[in-house]
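Under this note's numbering, the sequence shown has 122 at position 105, and the numbering climbs by one with no breaks. Report on the following structure.
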Amino acid sequence: MLDLVFGGVLCFISTYVGITVKQYYDKRYYYLRDFREFAIALEDNLTYAKDNIATVADKYLQNNKGGFAKCLEEYSEEIKHGNKNGETTYGIFNAKYLKKGERNFIREFFRTLGTLDYDSQLSRIKLTLRE
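Here's what the structure looks like:
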(Lines of atoms letter the chains of each structure in order from A and count residues from 1; the text may use other names and numbers.)
(Lines give C-alpha, C1' and ligand atoms only; values in the text may rest on other atoms or scores of the structure.)
Protein backbone atom coordinates (compact mmCIF):
# COMPACT_ATOMS: atom_id res chain seq x y z
CA MET A 1 0.00 0.00 0.00
CA LEU A 2 2.80 2.40 0.91
CA ASP A 3 4.54 1.62 -2.39
CA LEU A 4 1.39 2.57 -4.30
CA VAL A 5 1.10 5.91 -2.49
CA PHE A 6 4.80 6.65 -2.96
CA GLY A 7 4.54 5.77 -6.67
CA GLY A 8 1.51 8.06 -7.08
CA VAL A 9 3.29 10.98 -5.38
CA LEU A 10 6.39 10.41 -7.49
CA CYS A 11 4.26 10.32 -10.64
CA PHE A 12 2.49 13.55 -9.66
CA ILE A 13 5.79 15.35 -8.95
CA SER A 14 7.32 14.16 -12.22
CA THR A 15 4.27 15.31 -14.17
CA TYR A 16 4.31 18.72 -12.48
CA VAL A 17 8.00 19.23 -13.19
CA GLY A 18 7.51 18.14 -16.80
CA ILE A 19 4.64 20.56 -17.35
CA THR A 20 6.60 23.42 -15.78
CA VAL A 21 9.65 22.77 -17.94
CA LYS A 22 7.47 22.53 -21.06
CA GLN A 23 5.83 25.88 -20.29
CA TYR A 24 9.26 27.49 -19.83
CA TYR A 25 10.52 26.24 -23.20
CA ASP A 26 7.23 27.08 -24.93
CA LYS A 27 7.43 30.70 -23.74
CA ARG A 28 11.04 30.90 -24.86
CA TYR A 29 10.24 29.40 -28.27
CA TYR A 30 7.26 31.70 -28.92
CA TYR A 31 9.19 34.78 -27.77
CA LEU A 32 12.09 34.06 -30.13
CA ARG A 33 9.74 33.09 -32.96
CA ASP A 34 7.82 36.35 -32.57
CA PHE A 35 11.09 38.32 -32.49
CA ARG A 36 12.13 36.70 -35.77
CA GLU A 37 8.72 37.41 -37.34
CA PHE A 38 8.99 41.05 -36.28
CA ALA A 39 12.49 41.32 -37.74
CA ILE A 40 11.21 39.92 -41.05
CA ALA A 41 8.26 42.33 -41.03
CA LEU A 42 10.61 45.19 -40.20
CA GLU A 43 12.95 44.30 -43.05
CA ASP A 44 10.08 44.04 -45.53
CA ASN A 45 8.51 47.28 -44.36
CA LEU A 46 11.75 49.24 -44.41
CA THR A 47 12.56 47.90 -47.87
CA TYR A 48 9.21 48.72 -49.49
CA ALA A 49 7.09 51.12 -47.43
CA LYS A 50 9.92 52.89 -45.55
CA ASP A 51 7.70 53.48 -42.49
CA ASN A 52 9.24 54.46 -39.18
CA ILE A 53 9.89 51.83 -36.52
CA ALA A 54 6.95 52.79 -34.32
CA THR A 55 4.55 52.40 -37.25
CA VAL A 56 5.96 48.99 -38.13
CA ALA A 57 5.68 47.92 -34.50
CA ASP A 58 2.06 49.09 -34.31
CA LYS A 59 1.18 47.16 -37.48
CA TYR A 60 2.83 44.06 -36.07
CA LEU A 61 1.04 44.42 -32.74
CA GLN A 62 -2.39 44.53 -34.39
CA ASN A 63 -2.12 40.83 -35.22
CA ASN A 64 0.11 39.49 -32.44
CA LYS A 65 -0.12 38.85 -28.72
CA GLY A 66 2.21 37.25 -26.20
CA GLY A 67 5.37 38.03 -24.27
CA PHE A 68 7.30 39.59 -27.13
CA ALA A 69 4.31 41.64 -28.23
CA LYS A 70 4.01 43.13 -24.73
CA CYS A 71 7.68 44.10 -24.75
CA LEU A 72 7.40 45.51 -28.27
CA GLU A 73 4.34 47.54 -27.30
CA GLU A 74 6.22 49.07 -24.38
CA TYR A 75 9.21 49.76 -26.64
CA SER A 76 6.96 51.39 -29.23
CA GLU A 77 5.45 53.69 -26.60
CA GLU A 78 8.92 54.66 -25.39
CA ILE A 79 10.18 55.62 -28.85
CA LYS A 80 6.98 57.53 -29.60
CA HIS A 81 7.72 59.65 -26.53
CA GLY A 82 11.39 60.05 -27.50
CA ASN A 83 12.73 57.99 -24.58
CA LYS A 84 14.93 55.68 -26.65
CA ASN A 85 18.20 54.82 -24.97
CA GLY A 86 20.15 51.76 -23.87
CA GLU A 87 18.63 51.66 -20.40
CA THR A 88 15.13 51.67 -21.87
CA THR A 89 15.79 48.58 -23.97
CA TYR A 90 17.52 46.91 -21.03
CA GLY A 91 14.43 47.27 -18.87
CA ILE A 92 11.91 46.37 -21.55
CA PHE A 93 13.46 43.28 -23.12
CA ASN A 94 14.14 41.42 -19.90
CA ALA A 95 12.23 38.14 -20.34
CA LYS A 96 13.31 35.77 -17.59
CA TYR A 97 12.85 32.67 -19.73
CA LEU A 98 15.48 33.73 -22.27
CA LYS A 99 19.13 32.92 -21.87
CA LYS A 100 21.38 35.84 -21.00
CA GLY A 101 22.97 35.85 -24.45
CA GLU A 102 19.57 35.87 -26.16
CA ARG A 103 18.39 38.74 -23.97
CA ASN A 104 21.50 40.77 -24.75
CA PHE A 105 21.18 39.99 -28.47
CA ILE A 106 17.58 41.27 -28.56
CA ARG A 107 18.42 44.32 -26.45
CA GLU A 108 21.31 45.23 -28.74
CA PHE A 109 19.10 44.80 -31.80
CA PHE A 110 16.50 47.22 -30.45
CA ARG A 111 19.09 49.60 -29.03
CA THR A 112 20.59 50.11 -32.50
CA LEU A 113 17.25 50.45 -34.32
CA GLY A 114 16.95 53.90 -35.80
CA THR A 115 20.55 54.88 -35.03
CA LEU A 116 22.03 53.67 -38.31
CA ASP A 117 21.57 54.90 -41.85
CA TYR A 118 19.11 53.09 -44.10
CA ASP A 119 21.53 50.66 -45.78
CA SER A 120 23.34 49.82 -42.54
CA GLN A 121 20.02 49.25 -40.80
CA LEU A 122 18.87 46.79 -43.47
CA SER A 123 22.22 45.01 -43.31
CA ARG A 124 21.93 44.77 -39.53
CA ILE A 125 18.43 43.29 -39.78
CA LYS A 126 19.55 40.76 -42.40
CA LEU A 127 22.51 39.78 -40.21
CA THR A 128 20.17 39.36 -37.25
CA LEU A 129 17.90 37.09 -39.27
CA ARG A 130 20.84 34.89 -40.25
CA GLU A 131 21.87 34.48 -36.63
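Every residue, glycine too, gets a C-beta built ideally from N, C-alpha and C. No experiment lies behind these values; they were computed from the predicted model shown.
Check whether the Cβ of residue 19 lies closer than 9 Å to any Cβ atom in chain C. The chain inventory of the structure shown lacks chain C, comprising one protein chain alone.
Report the three-state DSSP secondary structure of residue 64 (helix, strand or coil).
helix
Looking at the structure shown, is residue 58 part of a helix, part of a strand, or coil, going by DSSP? helix
_Using a Cβ-Cβ cutoff of less than 7 Å, which residues in the same chain neighbour residue 133 once the five nearest sequence positions on both sides are dropped?_
Within the same chain, residue 133 has close Cβ partners 141.
Please say whether residue 41 and residue 85 have beta carbons closer to each other than 9 Å? no
Based on Cα-Cα distance, which residue from 127, 139, 148 lies nearest to residue 71? 127
Nearest-angstrom Cβ-Cβ length linking residue 49 and residue 94, presumed shorter than 8 Å
No, residue 49 and residue 94 are not in contact; Cβ-Cβ is about 22 Å, not under 8 Å.
Checklist entry - What three-state label does DSSP hand residue 114 in the structure shown? => result coil
Burial state of residue 51, where buried means 16 or more other Cβ atoms lie within 10 Å
With 16 or more other Cβ atoms within 10 Å, it is buried.
Exposure label - residue 33; buried when at least 16 CB within 10 Å:
exposed
Worksheet item: Where does residue 148 sit, in a helix, a strand or coil, going by DSSP?
Response: coil
| task | Measuring alpha carbon to alpha carbon, tell me which of 137, 138, 54 ends up nearest residue 77. | result | Nearest in C-alpha terms to residue 77, of all of 137, 138, 54, is 54.
*Within 10 angstroms of its Cβ, does residue 92 collect 16 or more other Cβ (buried), or is it exposed?*
Flag for residue 92 reads buried.
Spatial distance of residue 75 from residue 37 (CA atoms):
Whole-angstrom Cα-Cα distance: 32 Å.
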